[in-house]
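Visitor:
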Amino acid sequence: MTHSGGGCCVKKISFLGTVAGLMIGSGLALVGFQRHIHSQAMGSQQATHHSAVLPSRSTQEDTSPAPHSTKPREKNRASSSKRNPSTAPFPRSRTRAVTLSVSTITPLFGTNPVSFRYPSQVTVRVPRNWASQIQAVGTDGYIFLIPKGWTGSSAEGTDGSKSVNLHPAGTSLHHGIGISLETAGACVGCAWSEAYPYFSWIRQRYQGMWGYADHAATIPGYHAAPNLRFYQYKGRGRAVNGIAYAPLIRNPESTVLFRRVQTSLPSGEHGLATLMLNYLLPQITQSS
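Using full-length UniProt numbering, you'd call the opening residue of the sequence shown number 1 and step up by one each time.
(1) Can you grab the Cα-Cα spacing for the pair S80 / Q283, in whole Å?
(2) So what's S119 in DSSP terms, helix, strand or just coil?
(3) Quick check on the DSSP output: the alpha helix (DSSP H) that includes Q133 runs from which residue to which?
(4) Strictly by DSSP, which residues pair up with H223?
(5) Within 10 angstroms of its Cβ, does I37 collect 16 or more other Cβ (buried), or is it exposed?
(6) Do T255 and A191 have their CB atoms nearer than 8 Å?
(7) If we call anything under 8 Å between Cβ atoms a contact, is F258 one with A184?
(8) Excluding the five sequence neighbours on either side, which residues of its own chain have a C-beta within less than 6 Å of the C-beta of S103, listed in chain order?
(9) Could you have a look at P282 and say whether DSSP puts it in helix, strand or coil?
(10) Give me the residue from T218, N112 and P147 with the minimum Cα distance to A244.
(11) From what residue to what residue does the beta strand (DSSP E) around T171 run?
(12) I'd like the list of long-range same chain contacts for G5, defined as Cβ closer than 6 Å, with 5 residues on each side in sequence excluded.
(13) Report, in whole angstroms, the separation of the C-beta atoms of E182 and R238, which I expect to be a contact under 8 Å.
(14) DSSP on I177, reduced to helix/strand/coil?
(15) Buried or exposed, going by whether 16 or more other CB atoms sit within 10 Å of the CB of G170?
(16) Candidates Q133, P266, R96 and R205: which alpha carbon is nearest Q232's?
(17) Is DSSP giving Y142 helix, strand or coil here?
(18) Please report the straight-line C-alpha distance between N241 and L100, rounded to a whole angstrom.
(19) Judging by CA-CA distance, which residue of A97, P113, N165 and N129 is the nearest neighbour of V122?
(20) Terminal residues of the continuous beta strand (DSSP E) containing E156?
(21) Below 8 Å on the Cβ atoms is my guess for F127 versus F90; work out the distance and round it to an integer in Å.
(22) Using the DSSP secondary-structure output, state which residues sit across from Q262 in a beta bridge.
(23) So what's L275 in DSSP terms, helix, strand or just coil?
(24) Around the Cβ of N178, are there at least 16 other Cβ atoms within 10 angstroms (buried) or fewer (exposed)?
(25) May I have the straight-line CA-CA distance separating Y222 from T106, to the nearest angstrom?
(26) Taking the alpha carbon of Y198 as the point to measure from, which residue in W130, P119 and A224 has its own alpha carbon closest?
(27) Is DSSP giving S44 helix, strand or coil here?
(28) Could you give the distance in angstroms between the alpha-carbon of N129 and the alpha-carbon of L166?
(29) Could you please give the first and the last residue of the uninterrupted beta strand (DSSP E) stretch that includes R92?
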């Protein structure tokens, strides 16, 4: 699968197509994310632990207020992953530390490769039953923990937007199994339109200005902070779990950055979804 880069925004492929066609279950439990969110990523909020659980009504709106603006920070590079984020909430007694060599997938900028620097190895704690089945892959400035045998592609646009799609070898995301990461950068309209279904404060503030009316379906979930949302839905026999992050940045447009990472896996693979998403959570919230 190839992504087009070099234009304003990277061409993006979703797992399930339009949001309006999703089958939403009530009372579903999200993957049990518990991560130490750094206060810098959360604006003026203090660092705290989060345990994401969907509300009893899956259609409950996100009523969180808009976050405070933050200063633009240095462009993300995976060297920050040397902090070796944990994979909580797995009990420590059921995990083991493993050191993984970091292989790479080179993203494209149009037809040109983009270079990033990664650590040669990362040490992480993973569930014992996954210790021999996980690999670390660096691409587009992020490091992913994924099952061995997975592959994929990534790309970057002129505005800094990124797209990563990883999945079992011999398949594509159209087969429904995998993990994707999408970001929207300097293209102001792109970031707002990508974040629109996840955050009520974005819908309320820009509904009229950008022309996005009620036809855009809301993705149900749990807001861990005004700019951070965990979500889950079901469709086509799979469970989709994800993280949406939309920090305001201080610039003439007072715009947002937007990052979304989500897994699409069989319903019984919540442990794998937790492992992959928790490892990426500090990476997507620590750099803007």
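By construction, the Cβ of each residue, glycine as well, lies at the ideal position given by its N, Cα and C atoms. For clarity, every value in this text was computed on a predicted model and none was experimentally measured.
Guide: Here's the rundown:
(1) Translated into the one-based positions of the sequence shown, residue 80 becomes position 80. Translated into the one-based positions of the sequence shown, residue 283 becomes position 283. For S80, the predicted structure reports a pLDDT of 37, less than 50, and the residue's modelled location is therefore unreliable. The matter cannot be settled from this model.
(2) Here the question's residue 119 lines up with position 119 in the sequence shown. A small fix is needed here, since residue 119 is Pro in this sequence, not Ser. Coil, per DSSP.
(3) The count along the sequence shown starts at 1 and reaches residue 133 at position 133. That residue, Q133, is in no alpha helix (DSSP H); it is neither H nor E in DSSP.
(4) Position 223 of the sequence shown, counting from 1, holds the residue named residue 223. According to DSSP, H223 bridges with R229.
(5) Position 37 of the sequence shown, counted from the first residue, corresponds to residue 37. Confidence at I37 is low in this model, with a pLDDT of 32, below 50, so its placement is unreliable and no value can be given for it.
(6) Locating residue 255 in the sequence shown gives position 255, counting from the first residue. Locating residue 191 in the sequence shown gives position 191, counting from the first residue. Yes, the pair counts as a contact, with Cβ atoms nearer than the cut-off.
(7) Within the sequence shown, residue 258 is the residue found at index 258, counting from 1. Within the sequence shown, residue 184 is the residue found at index 184, counting from 1. Closer than 8 Å, so yes.
(8) Here residue 103 refers to the residue found at position 103 of the sequence shown. So the qualifying residues of the chain are V137.
(9) To locate residue 282, count along the sequence shown from 1; it is residue 282. Note: P282 maps to helix in three-state DSSP.
(10) Your numbering for residue 244 matches position 244 in the sequence shown. If we check each option's Cα against that of A244, T218 comes out closest.
(11) Translated into the one-based positions of the sequence shown, residue 171 becomes position 171. No beta strand (DSSP E) contains T171, which DSSP labels as neither H nor E.
(12) Residue mapping note: residue 5 aligns to position 5 of the sequence shown, counting from 1. A caution first: G5 carries a pLDDT of 43, below 50, which makes its placement in the model unreliable, though a value can still be read off. Cβ neighbours of G5 beyond the five flanking positions: L108, F109, G110, A155, E156 and G157.
(13) Sequence index remark: in the sequence shown, residue 182 carries index 182 (1-based). Sequence index remark: in the sequence shown, residue 238 carries index 238 (1-based). Not confirmed; about 18 Å, so no contact.
(14) Numbered from its first residue, the sequence shown carries residue 177 at position 177. Residue state, collapsed to three classes: coil.
(15) Your numbering for residue 170 matches position 170 in the sequence shown. When all chains shown are included, G170 counts as exposed.
(16) For the purposes of this step, residue 232 is taken as residue 232 along the sequence shown, with counting starting at 1. Minimum Cα distance to Q232 is reached at P266.
(17) Stepping through the sequence shown from its first residue, residue 142 is reached at position 142. In this structure, Y142 counts as strand in the three-state DSSP scheme.
(18) The residue you call residue 241 lines up with position 241 of the sequence shown. The residue you call residue 100 lines up with position 100 of the sequence shown. If I take the Cα positions, the gap works out to 25 Å.
(19) One-based indexing of the sequence shown puts residue 122 at position 122. The candidate whose alpha carbon is nearest that of V122 is A97.
(20) As a first step, residue 156 must be located in the sequence shown, where it is residue number 156. W150 to E156 is the extent of the beta strand (DSSP E) around E156.
(21) By one-based count along the sequence shown, residue 127 stands at place 127. By one-based count along the sequence shown, residue 90 stands at place 90. Before going on, a small fix: residue 127 reads as Pro here, not Phe. Confirmed, about 5 Å.
(22) In the sequence shown, the residue the question calls residue 262 occupies position 262. DSSP output for Q262 lists S180 and G242 as bridge partner(s).
(23) In the sequence shown, the residue the question calls residue 275 occupies position 275. Reduced to three states, the DSSP call for L275 is helix.
(24) On the sequence shown, position 178 is the one that residue 178 refers to. Contrary to the premise, residue 178 reads as Gly rather than Asn in this sequence. Classification of G178: buried, given that the 10 Å Cβ count is 16 or more.
(25) Reading the sequence shown from its first residue, position 222 is the one you call residue 222. Reading the sequence shown from its first residue, position 106 is the one you call residue 106. For Y222 and T106, the distance between alpha carbons rounds to 34 Å.
(26) Translated into the one-based positions of the sequence shown, residue 198 becomes position 198. Considering only alpha carbons, the answer is A224.
(27) The residue you call residue 44 lines up with position 44 of the sequence shown. In this prediction, S44 scores a pLDDT of 31, lower than 50, which makes its location untrustworthy; the coordinate-derived value is nonetheless stated afterwards. S44 falls in the coil class under three-state DSSP.
(28) In the sequence shown, the residue the question calls residue 129 occupies position 129. In the sequence shown, the residue the question calls residue 166 occupies position 166. Computed Cα separation, rounded: 21 Å.
(29) Against the sequence shown, residue 92 aligns to sequence position 92. Counting along the chain, R92 falls outside any beta strand (DSSP E), and DSSP gives it neither H nor E.
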